[in-house]
Structures are given as C-alpha cells and as structure tokens.
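Each residue of the sequence shown is one higher than the one before, counting from 1 in our numbering.
For glycine and all other residues, C-beta sits at the position ideal for the given N, C-alpha and C.
Fair warning: this is a prediction, and the values are worked out from it, not measured in the lab.
These notes are about the structure you will find just below.
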Amino acid sequence: MAPKKKPATTAPKAEEPQKEKKVEKKPAAKKPADKKKSDKKPVKKGKDANLKPVKTKQTGKPGSAKEKALSAKKAALRGVNQKRIRKVRTTPSFKRPKTLKLPRAPKYPRSLSTKRGLDKYKIVKYPLTTETAMKKIEDNNTLVFIVDRRANKYTISNAVKALYSIEVAKVNTLIRPDGEKKAYVRLPSDYDGLEIASKIGII
1 MAPKKKPATT APKAEEPQKE KKVEKKPAAK KPADKKKSDK KPVKKGKDAN
51 LKPVKTKQTG KPGSAKEKAL SAKKAALRGV NQKRIRKVRT TPSFKRPKTL
101 KLPRAPKYPR SLSTKRGLDK YKIVKYPLTT ETAMKKIEDN NTLVFIVDRR
151 ANKYTISNAV KALYSIEVAK VNTLIRPDGE KKAYVRLPSD YDGLEIASKI
201 GII
C-alpha cells in the first residue's frame, strides 16, 4: 500500500507552481487595462452605442441668444405702460381738435386768371353834370359821382383821392330808382368846389 501513496504526493506539488504563475500574471494584465480605462470613456452598450455626439455651432458671443431671449421675455411680461405721466391741464373746458388746413400751392393754375376786383377806375364811373349836381358844387362844396353799386363809402373816398389827388371830408351814398349808386363827395373847406370841378372837366 505504501508505493501507491507516493504518486499522490508528487502530483499536487507539480500543480502548485502552475497556480502561482497564474496569480502572478493577473496583476500584470490588470495594470495596462487600468491605464486604458483612465484614457478612454466607458463605451455604452445597446442602441446608444452607435450614436455620435452632435456638435453645436456657436454664433456670436457665447450665450448671447439666450440673454436676448430672456431680456425680451422680461420686457414682454413688464408691458409697455410702466410709467404714467398725467397731462397738466390749464383750462377747465374741453375742445375738439381742429384739423390743420394748409393753403393750396398748385404746381400749375387749374383755371384762367380771374377778373380784377374793384379798382379805382371801376369804382368811379363818371361825374354827374345835372343842374342839381351843379347847385351842390356851388352851395355845399360837394361833387356828385355815379359809382359801382358794390363800392362802399371807404372805397369811394380812396378812389376819388387817387384819381383826382384831392382830400375828402365826407361821403354820402344813395341808390337811384334805375339801380345806379350815386355818391356825394364833400370836400374840405380849404378846397374850392368850382375850381376842382373845372379841373375834372365837369364844368
């Protein structure tokens, strides 16, 4: 029985050095594996393993678009009517606004030139030379004219001054039954009615 036990003791001795070699190889294999892990990121398995990270293009300053959007949002939330200024009223009454009407400035005339208005030649038509008119000149120092119906006392006196270069004290008017206007032009006391009548050509 003794010779059978010897080969049993020799077999485990040969196996022990092999186990020790395996233990020594494991730490040597782990060291380079640890370096690789530190250099590279862990690889994901599954559907996300094939996806690549998308690079976003930055335009302008970093975060400028975001800041603009935030400022626009704040402004929209604040609203427009933040500061209210009351209009100072100085009168108790209210008036409707009037539309500005500018004078016309045409580039070319739309119609023909209108007729002249009442000038000195149109106002004084002719002097009267009747007997009553001559008596007025002698007694009252007054000249009698037929004038335009549209003329008034002020325009008649100005026309007589311009035409005959004389002063006028007073003007009286009346409209005759035939529709003509008669003007009695009284001269100042300095003037002689007969002399002026002869200059005009009445006498």
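Residue i in three-state terms, based on DSSP
| i | result |
| --- | --- |
| Thr130 | coil |
| Ser165 | coil |
| Ala197 | helix |
| Ala151 | coil |
| Lys21 | Caution is warranted here: a pLDDT of 49 is assigned to Lys21, below 50, making its placement in the model unreliable, and the coordinate value is therefore given only provisionally. The answer is helix: DSSP assigns Lys21 an H, G or I state. |
| Ile156 | helix |
| Lys95 | coil |
| Asn172 | strand |
| Tyr191 | coil |
| Ile146 | strand |
| Lys125 | strand |
| Ile203 | coil |
| Lys135 | helix |
| Asn141 | coil |
| Lys206 | No information on residue 206 is available, as it lies outside the stretch 1 to 203 that the chain covers here. |
Straight-line Cα distance separating residue j from residue i
| i | j | result |
| --- | --- | --- |
| Lys199 | Leu112 | 40 Å |
| Lys101 | Tyr108 | 20 Å |
| Lys136 | Thr173 | 14 Å |
| Asn81 | Arg110 | 50 Å |
| Glu180 | Tyr126 | 12 Å |
| Thr129 | Pro103 | 48 Å |
| Ala75 | Lys87 | 25 Å |
| Ile156 | Pro97 | 42 Å |
| Ala162 | Leu143 | 15 Å |
| Arg69 | Arg89 | Strictly speaking, residue 69 in this sequence is Ala, with Arg absent from that position. C-alpha separation (whole angstroms): 41 Å. |
| Leu187 | Lys120 | 18 Å |
| Val171 | Ser189 | 15 Å |
| Gly79 | Thr114 | 60 Å |
| Ile203 | Tyr164 | 15 Å |
| Ala106 | Arg116 | The residue asked about is misnamed: residue 106 is Pro in this sequence, not Ala. Distance between the alpha carbons of Pro106 and Arg116: 21 Å. |
| Thr99 | Ala72 | 39 Å |
Assumed close pair residue i, residue j - CB separation to whole angstroms, cut-off 8 Å
| i | j | result |
| --- | --- | --- |
| Ile175 | Asp148 | With 8 Å as the limit, Ile175 and Asp148 do not qualify as a contact, their Cβ atoms being about 11 Å apart. |
| Arg84 | Leu118 | Arg84 to Leu118, Cβ: 60 Å. No contact. |
Opening and closing residue of the alpha helix (DSSP H) in which residue i lies
| i | result |
| --- | --- |
| Arg78 | Ser64 to Arg78 |
| Lys87 | Where Lys87 is concerned, there is no enclosing alpha helix (DSSP H), given that its DSSP letter is neither H nor E. |
Minimum C-alpha distance to residue i - residue among the options
| i | options | result |
| --- | --- | --- |
| Tyr184 | Asn141, Asp190 and Asp192 | Asn141 |
| Asp192 | Lys120, Gly117, Ala169 and Lys66 | Ala169 |
| Asp178 | Ala133, Ile146 and Arg84 | Ile146 |
| Ala133 | Asn152, Lys182 and Tyr154 | Lys182 |
| Ile166 | Thr91, Glu195 and Thr99 | Glu195 |
Range of the contiguous beta strand (DSSP E) that encloses residue i
| i | result |
| --- | --- |
| Tyr184 | Lys181 to Arg186 |
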